[in-house]
Amino acid sequence: MGRRRADLPPDVRGAPRVSTRPRHVVVVPTDDLSPVLARPPLPVYLRRLWHRRHFVVADSRARVVSSNRANLLGSIWLVLNPLLDGAVYFVLFGLVLTGSRGIENYPGYLIVGVFLFQFTIQCLVQGSRAISGGRPLIRSFSFPRAVLPVAVVVRQVIRFLPALITMLVLVMLLPVALPSMADGDPVRQPLAWTWLLLPVVLVLQLLLSTGLALVAARVTARIPDLTQIIAILARFWLYASAVFFSIDRFADYPVLHAVMQVNPMYLVLDAARDLLLYATVPSAGTWAGLTAWSVGLLVVGTVWFWRGEESYGRS
40 MGRRRADLPP DVRGAPRVST RPRHVVVVPT DDLSPVLARP PLPVYLRRLW HRRHFVVADS
100 RARVVSSNRA NLLGSIWLVL NPLLDGAVYF VLFGLVLTGS RGIENYPGYL IVGVFLFQFT
160 IQCLVQGSRA ISGGRPLIRS FSFPRAVLPV AVVVRQVIRF LPALITMLVL VMLLPVALPS
220 MADGDPVRQP LAWTWLLLPV VLVLQLLLST GLALVAARVT ARIPDLTQII AILARFWLYA
280 SAVFFSIDRF ADYPVLHAVM QVNPMYLVLD AARDLLLYAT VPSAGTWAGL TAWSVGLLVV
340 GTVWFWRGEE SYGRS
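Number 221 in my numbering belongs to position 182 of the sequence shown; there are no gaps in the numbering.
Structural data, given as structure tokens:
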């Protein structure tokens with residue numbers, strides 16, 4: 040039998056046990072290691088963002104559905120909100136302030152302006168809250184932070200689809216229902232071949248809105264209070280985009296008139312109105328300006344947001 044610890048000599052009893060097994064030192068190469076929050080190269084970053092597209096779409100769809108469950112009318116509000124906005128603006132600007140003067144098919148003019156502008160402005164305002172609202176997620180998981188503002192845009196696209204269908208139906212019916220406001224022959228307005236070019240305008244608007252969401256998310260990441268400033272500036276942008284009245288009202292103010300003509304949302308609305316209301320293909324200058332704004336802002340927004348990747352989520 041072995042001797043008990045109490046029977047051992049004092050100098051041996053308290054001695055620590057030392058393993059006699061041979062020790063092996065393993066050298067791990069560190070060339071491929073990088074900090075968890077380090078910013079990856081832009082191509083890698085975009086590839087990781089693309090790999091999460093299915094999650095973004097599924098999550099956005101679920102959020103849109105759940106956001107309307109508490110309402111009695113549910114998802115019908117996706118259509119009612121822009122409709123009610125359009126009705127209020129029609130009474131205020133079309134009847135009270137006579138903003139319809141000189142505008143052919145003013146009901147359609149107003150509907151196109153309100154519906155399309157609402158999409159972009161929601162991408163901008165909600166995008167400015169993407170980082171502050173997603174900070175718990177940022178601190179818990181590792182993923183491209185651009186997922187957050189991009190998911191905002193995807194949610195707005197899902198919300199906009201029923202409103203877009205409603206807008207197209209109204210563009211066809213309102214000139215017939217309100218011929219006194221059409222200021223022209225209502226029979227020739229609906230369903231021209233130029234409608235086929237509308238998806239091109241909508242894609243360019245989507246690129247523009249995504250770029251705005253990325254820029255707004257980066258700007259407000261460090262100073263969340265700027266979200267309120269962006270919401271206020273969005274109201275000025277609404278009036279500077281000729282949503283309610285013709286840009287020709289400012290012909291006597293050449294500087295203001297020129298600034299409004301290069302406004303990207305004015306270009307979106309002007310192109311869409313030409314295609315839907317007046318069966319006219321937008322000018323080459325309109326296409327060039329809109330493309331430059333959309334692609335340029337998307338590239339600038341993506342690169343600028345990526346450059347701040349390591350700072351998101353910090354206190």
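We put the beta carbon where it would ideally sit given N, CA and C, even for glycine.
Range of the contiguous alpha helix (DSSP H) that encloses residue i
| i | result |
| --- | --- |
| L230 | Neither: L230 is in no alpha helix (DSSP H) and is coded neither H nor E. |
| D287 | Premise fails: D287 is in no alpha helix (DSSP H) and is neither H nor E. |
| Y305 | 303 to 315 |
| S13 | Since the displayed the chain opens at 40 and closes at 354, residue 13 lies outside it and no answer follows. |
| F154 | 145 to 166 |
| G340 | 323 to 346 |
| V103 | 92 to 106 |
Residue i burial status per 10 Å Cβ neighbour count (16 or more: buried)
| i | result |
| --- | --- |
| A323 | exposed |
| I262 | exposed |
| L243 | buried |
| F344 | buried |
| Q165 | buried |
| W89 | exposed |
| D291 | exposed |
| W232 | exposed |
| V148 | The question names Val, but residue 148 in the sequence shown is Tyr. So Y148 ends up on the buried side. |
| D224 | Low confidence applies here, because D224 scores a pLDDT of 48, under 50, leaving its location unreliable and the question unanswered by this model. |
| R100 | exposed |
| F180 | exposed |
| Q267 | exposed |
| Y351 | buried |
| R178 | exposed |
| S105 | exposed |
| F94 | exposed |
| R297 | Sequence check: residue 297 is Ala here, not Arg. Exposed is the call here. |
| R227 | Interpretation of R227 is limited by its pLDDT of 47, a score under 50 that renders its predicted location unreliable; the figure taken from the coordinates is listed afterwards. That one is exposed. |
| R184 | buried |
| A97 | exposed |
| L336 | buried |
| F284 | buried |
| I204 | exposed |
| L209 | buried |
| A126 | exposed |
Within-7 Å CB hit, residue i to chain C
| i | result |
| --- | --- |
| R257 | Looking at the structure shown, chain C is missing, and only one protein chain is on hand. |
Distance between beta carbons of residue j and residue i, contact taken as under 8 Å
| i | j | result |
| --- | --- | --- |
| A273 | L187 | With 8 Å as the limit, A273 and L187 do not qualify as a contact, their Cβ atoms being about 19 Å apart. |
| M304 | T159 | 6 Å |
| R102 | F182 | Not confirmed; about 17 Å, so no contact. |
| L316 | V153 | 14 Å between Cβ atoms; not a contact. |
| G347 | A260 | 7 Å |
| G250 | G340 | 4 Å |
| P121 | L213 | Wrong, their Cβ atoms sit about 14 Å apart, outside the cutoff. |
| L119 | P201 | That pair is no contact at about 10 Å. |
| V334 | L246 | 6 Å |
| L306 | T325 | 6 Å |
| S167 | I269 | 5 Å |
| V37 | F156 | The first residue shown for the chain is 40 and the last is 354, placing residue 37 beyond what the model contains. |
| A311 | L237 | 7 Å |
| L308 | S280 | 6 Å |
Legend entry - Continuous beta strand (DSSP E) assignments of at least 3 residues falling wholly in the region 236 to 265: none
Legend entry - Completely contained alpha helix (DSSP H) runs for the region 172 to 209, where each covers 4 or more residues: 174 to 179
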